[in-house]
Amino acid sequence: MGVRVIRARPEQAVRLTQIAHAAKSYWGYPARWIELWHNQLTITSAYILMHEVYAAVDDEEEIGDRGILGFYALGGAGEKVTLEHLWVQPSSFGAGVGRLLFEHAVARARALNGRRLEIESDPHAESFYQHMGAETVGEVTYELEGQPRILPLMEYRLRDEAPDVAA
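Residue 155 is where the sequence shown starts when you use my numbering, and the numbers rise one by one after that.
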């Protein structure tokens, strides 16, 4: 299977949304939580047009949307670029699709002149991002149905900080 990364097209929004929902559901979250996250997991055509969204596609199944194995989306530019989404179809877990997407996202973030890539990670994905070289730098706490939900805040350094040079 040959996999490559391409710019996502607006007409692929439904498939990208399906992948995000499938990947989130894979971790056994209650169905009610998945419903509450519906808007966060929904990718629209407008979102694709306004963000850097790229999809990993299987070269052998590129006809239609069946060949999309995962995707990512970036927000921002300059100092801080945010990895807003990175989702892989569960049937492709462990096949290197996540690594390919992350490496592509890092290259795109560098092209946007980012110094750091910020990631608000799902707890289940924290070890993946650490393996890719990101560091946990803090936490973000949300309330979900009256319960605190703590997410790792991670950072991947895209460029070394420029040293201070006194004039």
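Just so it is clear, CB atoms sit at the ideal spot from N, CA and C, and this is done for glycine as well.
- Reduced DSSP category for H239 - H, G, I as helix; E, B as strand; rest coil: Residue numbering aside, residue 239 sits at position 85 when the sequence shown is read from its first letter. Correct three-state label for H239: strand.
- Item | Same chain, Cβ closer than 6 Å to R269, five either side skipped, listed in chain order | In the sequence shown, the residue the question calls residue 269 occupies position 115. Counting only residues of its own chain and dropping the five nearest sequence neighbours on each side, R269 has a CB closer than 6 Å to the CB of E233, L312, R313.
- How many whole angstroms separate the CB atoms of Q284 and A176, which I take to be in contact at a CB cut-off of 8 Å? Your numbering for residue 284 matches position 130 in the sequence shown. Your numbering for residue 176 matches position 22 in the sequence shown. Their Cβ separation, rounded to whole angstroms, is 23 Å, which puts Q284 and A176 out of contact at 8 Å.
- Between which two residues does the alpha helix (DSSP H) carrying T171 extend? Residue 171 sits at position 17 when you count from the first residue of the sequence shown. Per DSSP, the unbroken alpha helix (DSSP H) holding T171 starts and ends at 167-180.
- Message: Can you tell me which residues form a DSSP beta bridge with I273?
- Response: Reading the sequence shown from its first residue, position 119 is the one you call residue 273. L237, M308, per the DSSP bridge assignment.
- Query: Cα-Cα, which of P164, E309, I160, V294 is closest to L237?
  - Reply: What you label residue 237 is simply residue 83 of the sequence shown in a count that begins at 1. Among P164, E309, I160, V294, the Cα nearest to that of L237 is on E309.
- Query: Exposed or buried, I304, counting other C-beta atoms within 10 Å across all chains shown (16 or more means buried)?
  - Reply: Residue mapping note: residue 304 aligns to position 150 of the sequence shown, counting from 1. Exposed.
- Task: Report all residues from its chain with a CB closer than 8 Å to the CB of R163; omit the five preceding and five following residues, and keep chain order.
- Result: Taking the first residue of the sequence shown as 1, we reach residue 163 at position 9. Taking C-beta separations shorter than 8 Å and ignoring five residues to either side along the sequence, the partners of R163 in its chain run I202, following chain order.
- In this structure, does DSSP put I197 in helix, strand or coil? On the sequence shown, residue 197 is found 43 positions in, with the first residue counted as 1. For I197, the three-state secondary structure derived from DSSP is coil.
- Query: Quick one, are the C-beta atoms of V294 and E272 less than 8 Å apart?
  - Reply: As a working mapping, residue 294 is identified with position 140 in the sequence shown. As a working mapping, residue 272 is identified with position 118 in the sequence shown. Contact check for V294 against E272 fails: the beta carbons are separated by 8 Å or more.
- Between which two residues does the beta strand (DSSP E) containing G224 stretch? Within the sequence shown, residue 224 is the residue found at index 70, counting from 1. Counted as a single uninterrupted DSSP element, the beta strand (DSSP E) harbouring G224 occupies residues 222-229.
- Query: DSSP state of P164, grouped into three classes?
  - Reply: Position 10 of the sequence shown holds residue 164. Helix at P164.
- Query: Going by beta carbon distance, what residues of the same chain come within less than 6 Å of G156, once the five residues before and after it are set aside?
  - Reply: Counting from one through the sequence shown, the residue named residue 156 turns up at place 2. Only D213 meet the Cβ criterion.
- Item | Cβ neighbours of I188 in the same chain (closer than 8 Å, five flanking residues each side left out) | The residue given as residue 188 occupies position 34 in the sequence shown. When the five nearest sequence neighbours on each side are left out, the beta carbons in the same chain lying within less than 8 Å of the beta carbon of I188 are those of H175, K178, S179, L195, in order along the chain.
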